[in-house]
Amino acid sequence: MRIIDKTAAQVRSLTPAEEELLVGFATGSLVGPRLLQANQFLMKVRNANQWLACDCRNDALPVLNVTLNGSTGTLFLKNNPGTAEHAPGCPFTKDEREAAERESDPTPPAAWLPPDTPLRLIGDFRSGTASGGGDGNERREQQRLLSLLLTWIETSGLNLYATHLKKDLTGQFAELRSVASRYPLLERVPASNYLETRLDMKHMMMLKSRLREATVFGNHRRHGLLLDCVDQIKGRKLFNNRSEDGFDFQGHHLYWGGNRTAGPLLALALYSPTSAGSHFYELIHVASVPVLSRAHLFPVYRDEEREPLKALVSLVDWMASKGVKVQMRRPVIGGQVMDELVMTSDQDRVLSVSLLEQPIGPEPDTENFKRYADFKSLETFRKFVAGFFMRER
Numbered sequence: 034m035r036i037i038d039k040t041a042a043q044v045r046s047l048t049p050a051e052e053e054l055l056v057g058f059a060t061g062s063l064v065g066p067r068l069l070q071a072n073q074f075l076m077k078v079r080n081a082n083q084w085l086a087c088d089c090r091n092d093a094l095p096v097l098n099v100t101l102n103g104s105t106g107t108l109f110l111k112n113n114p115g116t117a118e119h120a121p122g123c124p125f126t127k128d129e130r131e132a133a134e135r136e137s138d139p140t141p142p143a144a145w146l147p148p149d150t151p152l153r154l155i156g157d158f159r160s161g162t163a164s165g166g167g168d169g170n171e172r173r174e175q176q177r178l179l180s181l182l183l184t185w186i187e188t189s190g191l192n193l194y195a196t197h198l199k200k201d202l203t204g205q206f207a208e209l210r211s212v213a214s215r216y217p218l219l220e221r222v223p224a225s226n227y228l229e230t231r232l233d234m235k236h237m238m239m240l241k242s243r244l245r246e247a248t249v250f251g252n253h254r255r256h257g258l259l260l261d262c263v264d265q266i267k268g269r270k271l272f273n274n275r276s277e278d279g280f281d282f283q284g285h286h287l288y289w290g291g292n293r294t295a296g297p298l299l300a301l302a303l304y305s306p307t308s309a310g311s312h313f314y315e316l317i318h319v320a321s322v323p324v325l326s327r328a329h330l331f332p333v334y335r336d337e338e339r340e341p342l343k344a345l346v347s348l349v350d351w352m353a354s355k356g357v358k359v360q361m362r363r364p365v366i367g368g369q370v371m372d373e374l375v376m377t378s379d380q381d382r383v384l385s386v387s388l389l390e391q392p393i394g395p396e397p398d399t400e401n402f403k404r405y406a407d408f409k410s411l412e413t414f415r416k417f418v419a420g421f422f423m424r425e426r
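The numbering used here applies: residue 34 is where the sequence shown begins, and numbers increase by one.
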């Protein structure tokens, strides 16, 4: 067992004692101090934005994330959807309850997509039609586009805010393009080669030209990606400040968390011909995640979060000026409480907050969880957060 980061790079291997502790945690055999010790270890992994990779197979690494149960406030290990299955007999293997949960869930959750593995975001044409396979395959392809956007957000660090890590908009898109280079559309076809990070007619034509001249797709359907911050997505149109008429797309709009949210939005669109042999390219499916502002691509779960979130960003900067470094992270994959914000200071203080008026699901029963809605005003909330991290400093 080893700890990895979101790029799949190894952080370190676990000691035999740590591995024994996690086996006991996974099998439910720990009690008392040992259970507390396991929870503390897993919380450190979770707060560091890291995952666990199992060594039970030689050909692939099954990946687990540390998830917070919103009903009980306890931690548990969950196998990342889309990654390798554990070897038979491994204590971390997926159990029947997980399989039953997946079958009963009509919408599969967004999954972390491993780098260096062909994405296959769209099916090939069959019998001269625009369909790339059965309904099941099409749904999986659509969902994979949202998973890809969320994976890029996690891997590029857009879901982490700290004053000393601050980047301008150019720097944020540079991080996204760098991450895209690790994700091939097909075998040996990096997504970054067919990615434009500006949505307008000029860049759509540039991408279309590259796709038409490409030989790397072979017999597969040619496709590329357009990534940009847009003002809104209404009906089947994307709107930004570069076109009053907007840009049509013919497929589905996949949005994070199951509800539409007002812009600005970070949108990832699939760009491909609509039929076999056609030179007419269209935006097919679009995935979007609300962001704090056009200049700051930090993910936002609901529009109502933006005002208190901007106040927290300002507060983090103020605390940094006083010598207290605080990081604010929003888990976008693998968490059951998606409105959760985790704030950490020097790894010794952790505060989990919800900025929604009505948080998703039951609240964790823990002292370091607070609701913005429970405070009388934004200023009162700011003072509490500042006091939590600044006291005894």
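Heads up, the beta-carbon is just placed ideally off N, CA and C, and yes, glycines get one too.
Can you grab the Cα-Cα spacing for the pair residue i / residue j, in whole Å?
i, j, result
"F109", "V96", "14 Å"
"D138", "T116", "Any answer about D138 is weak, because its pLDDT of 44 lies below 50 and its placement is not dependable; what the coordinates show is given next. Going by the C-alpha atoms only, they are around 18 Å apart."
"P297", "T150", "30 Å"
"Q43", "G279", "43 Å"
"Q360", "R269", "37 Å"
"M34", "E246", "45 Å"
"L47", "Q73", "15 Å"
"F331", "V386", "16 Å"
"H419", "T307", "First, the amino acid is wrong: residue 419 is Ala here, not His. In a straight line, the C-alpha of A419 is about 53 Å away from that of T307."
"L94", "C87", "6 Å"
"N192", "L219", "27 Å"
"L182", "P121", "32 Å"
"V375", "W145", "19 Å"
"G257", "V222", "10 Å"
"E53", "V64", "14 Å"
"L411", "M238", "46 Å"
"A467", "K403", "Past the edges of the chain, shown from 34 to 426, lies residue 467, and the structure says nothing about it."
Could you spell out the range, first to last residue, of the beta strand (DSSP E) harbouring residue i?
i, result
"N80", "Where N80 is concerned, there is no enclosing beta strand (DSSP E), although the alpha helix (DSSP H) it sits in stretches over G65 to N80."
If you reduce the DSSP assignment to three classes, tell me which class residue i lands in.
i, result
"R363", "coil"
"Q175", "helix"
"E229", "strand"
"D281", "strand"
"V434", "Outside the modelled stretch of the chain, which goes from 34 to 426, sits residue 434, for which no answer is possible."
"H197", "helix"
"A224", "helix"
"G257", "strand"
"R382", "strand"
"E412", "helix"
"K358", "coil"
Skipping 5 residues on each side, what residues in its chain have a beta carbon closer than 6 Å to that of residue i?
i, result
"P124", "V56, A59 and T60"
"F405", "At residue 405 the sequence reads Tyr, which differs from the Phe that was named. Contacts found: P341, L388 and F414."
"K343", "none"
"D89", "The amino acid occupying residue 89 in the given sequence is Cys; Asp does not appear at that position. Excluding positions up to five away in sequence, the list reads H119, A120 and C123."
Please return the same chain residues whose Cβ sits closer than 7 Å to the Cβ of residue i, not counting the five positions on each side in sequence.
i, result
"V346", "Y194"
"K241", "Y314"
Quick check on the DSSP output: the alpha helix (DSSP H) that includes residue i runs from which residue to which?
i, result
"Q43", "Segment Q43 to S46 is the beta strand (DSSP E) holding Q43; no alpha helix (DSSP H) there."
"P49", "P49 to T60"
"D350", "R339 to S354"
Taking one C-beta from the region 38-45 and one from the region 78-85 each time, how about it: are there three or more such pairs within less than 8 Å? yes
If you pair each beta-carbon of the region 50-64 with each one of the region 324-332, do three or more pairs fall below 8 Å? no
The region 344-358 contacting the region 272-289, beta-carbon criterion three pairs below 8 Å: no
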